[in-house]
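Protein chains in written order, with this note's numbering: chain R, 26 to 373; chain H, 260 to 583.
Glycine included, every Cβ here is placed at the ideal spot set by N, Cα and C.
Here the structure is a predicted model, which is why all the values come from computation and not from measurement.
Below you'll find the structure, written out as structure tokens, and then a few comments.
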């Protein structure tokens with residue numbers, strides 16, 4: 026039996042307007058979802074061309090969840106997105122060419138070749154770079170929220186994790202602490218139903234991950250993670266609640282990981298009917314037909330958005346390929362911060 | 260100048276920084292109403308309020324990770340582990356997240372973790388450890404191990420000011436046993452600068468923390484043999500003052516490296532290797548290491564005495580070196 030609130034879909038354009046998005050915003054959301062998938066599809070090609078060292082991860086199936094939540098964040102809010110959350114980087118304004126440079130380990134990637142794939146963040150855009158240890162970023166997001174609470178700033182932190190990572194103590198400790206102090210933090214669980222090869226029922230025994238929220242003293246909400254508008258509406262509600270002192274929310278976005286854990290994994294363990302079922306509710310296709318039915322998206326507009334995204338990604342790739350390799354002589358620089366590093370708006 | 264215990268000097272340093280800089284806050288288990296297990300923050304919550312002296316749940320991962328997030332957002336967190344041993348529960352946040360954030364993502368993490376460490380009072384395997392070597396091995400972390408009240412204050416202020424994650428190992432056995440003159444005004448003692456605790460010409464002891472006093476007792480005994488012992492108090496293990504160590508090694512030509520942590524993989528090995536690499540021609544004897552044996556810290560006083568290097572052990576080691 027579910028304990029968390031199971032949120033319904035978004036019906037009409039009117040309801041979307043109520044939630045704060047006008048038609049222009051909606052087209053922007055659609056565009057961001059296309060860029061998100063496009064970046065990862067092009068990344069996949071780069072990988073096959075042997076231009077990406079190490080492994081390669083995508084968030085196919087998670088575009089609506091990532092873009093929906095990030096769209097609901099305010100400009101001063103901060104987040105700790107993970108490897109299925111490319112959409113968050115796109116919405117916050119990271120240039121795709123820098124992401125391609127990051128993939129290829131080049132000098133102009135956000136980590137300058139020091140870390141790979143989606144282990145990156147532009148702190149100027151309110152993001153904190155993830156580590157491989159999931160969900161180690163939840164305590165960090167909780168600490169950001171603690172800073173906002175101490176300084177009494179109307180800002181919210183968003184911490185991402187997966188249903189697999191929900192098994193680890195970091196998630197429990199973060200939510201315990203945030204619950205006791207009613208911190209302005211929203212925990213977003215990308216439940217894509219497989220932690221590498223391990224299915225959800227071997228990761229947790231409740232119906233939903235969000236069912237746990239009640240035990241931490243705050244609200245749990247489950248939303249269809251392929252419905253970008255429903256994700257947006259629920260994220261907005263949770264973020265604004267946190268902003269006014271209403272405490273944390275655990276928002277679970279249910280989707281399916283539509284590709285393997287990483288590029289080497291063919292995901293043979295995912296049952297075919299399950300894949301087919303979720304393929305039928307592809308987040309981008311779903312939103313495209315919603316826009317056609319509810320917001321009069323025309324062929325012309327659609328074509329314009331698509332070709333704009335294509336142009337953006339093509340030139341981004343060209344620019345990234347021109348980015349130099351990192352200079353090995355810089356390897357040992359910056360292990361320790363110097364006082365000048367604190368000369369940022371954050372540290373005033 | 261006032262005479263303060265080592266513990267009072269830590270409180271004084273922390274209070275000084277919290278009064279001076281509103282970004283500094285303290286978080287830990289029982290640090291608020293109770294004033295901390297060792298009473299370092301007694302009275303702090305009354306002065307600074309519940310959002311700057313924060314009683315956390317029993318959740319070291321959330322405490323250390325929370326400090327990381329708050330530091331990235333521009334605050335200057337000071338976390339108290341109730342005992343240094345419990346940092347194992349916050350290891351991942353410190354080593355995986357905080358230590359690497361500057362290098363890989365360009366994000367400084369200015370935070371301090373206070374770690375009541377060390378044995379000598381039957382704390383047993385989980386309340387007595389000296390884990391500084393483990394963290395000194397992690398690029399991106401700094402490790403501070405004050406021995407005197409004056410350094411306890413000055414090094415804590417430096418640690419809080421530093422733009423990096425700093426582990427501040429405060430030796431429990433020194434808390435109320437060691438007193439000294441401490442300036443009342445604010446001052447900072449630089450990280451990475453050793454202190455000559457005692458000048459001597461025949462043998463050098465390189466050490467830090469509570470072992471400084473063990474070495475001092477032993478050195479007094481060596482005086483009657485006519486052997487003059489120099490004691491270098493490293494003060495900080497990472498960064499460590501290589502120049503001061505090499506200078507003392509070159510001066511006396513005989514070196515004993517002494518620490519309370521266990522021997523294998525202990526930081527003494529790094530010091531001994533560096534001396535061998537860089538001052539070999541100046542040595543008149545092999546560098547000697549004296550440390551705890553490779554076992555967990557025992558509970559019984561008899562066993563603990565056999566574990567922690569004692570004055571007699573240091574005397575023996577120094578005599579061997581002197582006679583070499």
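Within its chain, find whatever has a CB closer than 7 angstroms to the CB of residue i; leave out the 5 residues flanking it on each side and keep chain order.
| i | result |
| --- | --- |
| residue 329(H) | 336 |
| residue 259(R) | 32, 246, 248, 276 |
| residue 309(H) | 291 |
| residue 223(R) | 189 |
| residue 316(R) | 51, 55, 322 |
Residues of chain H with a CB under 8 angstroms from the CB of residue i: which are they?
| i | result |
| --- | --- |
| residue 363(R) | 422 |
| residue 148(R) | 331, 364, 365, 366 |
| residue 140(R) | 363, 364 |
| residue 131(R) | Chain H residues near residue 131(R): none, gap ~15 angstroms exceeds 8 angstroms. |
| residue 281(R) | Ordered by position in chain H, no residue passes the 8 angstroms Cβ test against residue 281(R), which lies about 29 angstroms from the chain. |
Suppose the cutoff is 6 angstroms on Cβ atoms and the five residues either side in sequence are ignored; what does the same chain contact list for residue i look like?
| i | result |
| --- | --- |
| residue 395(H) | 402, 496, 497, 526 |
| residue 82(R) | 108, 142, 287 |
| residue 124(R) | 64 |
| residue 314(H) | 291 |
| residue 271(H) | 412 |
| residue 233(R) | 27, 29, 247, 277 |
| residue 115(R) | 57, 60, 61 |
| residue 304(H) | 291, 312 |
Rounded to the nearest angstrom, what separates residue i and residue j at their Cα positions?
| i | j | result |
| --- | --- | --- |
| residue 358(H) | residue 324(H) | 11 angstroms |
| residue 422(H) | residue 370(H) | 7 angstroms |
| residue 454(H) | residue 494(H) | 7 angstroms |
| residue 342(R) | residue 77(R) | 13 angstroms |
| residue 432(H) | residue 458(H) | 24 angstroms |
| residue 437(H) | residue 265(H) | 6 angstroms |
| residue 91(R) | residue 282(R) | 13 angstroms |
| residue 285(R) | residue 517(H) | 53 angstroms |
| residue 209(R) | residue 490(H) | 51 angstroms |
| residue 205(R) | residue 198(R) | 11 angstroms |
| residue 71(R) | residue 331(R) | 21 angstroms |
| residue 519(H) | residue 471(H) | 10 angstroms |
| residue 230(R) | residue 236(R) | 10 angstroms |
| residue 320(R) | residue 36(R) | 12 angstroms |
In chain order, what residues of the same chain lie with their CB nearer than 8 angstroms to the CB of residue i, ignoring the 5 residues before and after it?
| i | result |
| --- | --- |
| residue 225(R) | 188, 216, 218, 219 |
| residue 400(H) | 353, 354, 357, 358, 394, 423, 424, 425, 426, 497 |
| residue 320(H) | 348, 349, 351, 352 |
Against residue i, what residues of chain R qualify as contacts under a CB-to-CB distance less than 8 angstroms, listed in chain order?
| i | result |
| --- | --- |
| residue 399(H) | 360, 361 |
| residue 327(H) | 164, 165, 168 |
Buried or exposed, going by whether 16 or more other CB atoms sit within 10 Å of the CB of residue i?
| i | result |
| --- | --- |
| residue 407(H) | buried |
| residue 292(H) | exposed |
| residue 333(R) | exposed |
| residue 388(H) | buried |
| residue 280(H) | exposed |
| residue 350(R) | exposed |
| residue 476(H) | exposed |
| residue 302(H) | exposed |
| residue 363(H) | buried |
| residue 121(R) | buried |
| residue 324(R) | exposed |
| residue 260(H) | exposed |
| residue 126(R) | buried |
| residue 239(R) | exposed |
Which residues in chain R have a C-beta closer than 7 angstroms to the C-beta of residue i? List them in chain order.
| i | result |
| --- | --- |
| residue 356(H) | 156, 161, 165 |
| residue 495(H) | What residue 495(H) touches in chain R: nothing, since even the nearest Cβ is about 13 angstroms away. |
| residue 315(H) | 202 |
| residue 352(H) | 161, 164 |
| residue 499(H) | Result: empty, since nearest Cβ-Cβ is about 14 angstroms, beyond 7 angstroms. |
| residue 318(H) | 198, 201, 202 |
Check the Cβ of residue i against every Cβ in chain H and list those closer than 7 angstroms, keeping chain order.
| i | result |
| --- | --- |
| residue 372(R) | 333 |
| residue 60(R) | Going along chain H, no residue has its Cβ under 7 angstroms from residue 60(R), so there is no contact; the nearest lies around 22 angstroms. |
Going along chain R in order, which residues have a C-beta closer than 9 angstroms to the C-beta of residue i?
| i | result |
| --- | --- |
| residue 361(H) | 359, 360, 361, 362, 366 |
| residue 413(H) | None at all; the shortest Cβ gap to chain R is about 17 angstroms. |
| residue 565(H) | Chain R residues near residue 565(H): none, gap ~36 angstroms exceeds 9 angstroms. |
CB of residue i to nearest heavy atom of the ligand COA: below 7 angstroms?
| i | result |
| --- | --- |
| residue 145(R) | The ligand COA is not part of this structure, which contains no ligands at all. |
Mind listing which residues of the segment 207-239 of chain R have their C-beta closer than 8 angstroms to chain H's C-betas, in chain order? none
Chain H contacts from the segment 183-204 of chain R (Cβ-Cβ distance under 7 angstroms): 194, 195, 198, 199, 201, 202
Tell me which residues of the segment 266-290 of chain H have at least one Cβ-Cβ distance to chain R shorter than 7 angstroms, keeping chain order. 284
Contact residues within the segment 449-465 of chain H, judged by C-beta distance below 7 angstroms to chain R: none
Under 9 angstroms (Cβ pairs) to chain H, residues found in the segment 93-117 of chain R: 103, 105
Of the residues that make up the segment 251-279 of chain R, which ones have a beta carbon closer than 9 angstroms to any beta carbon in chain H? none
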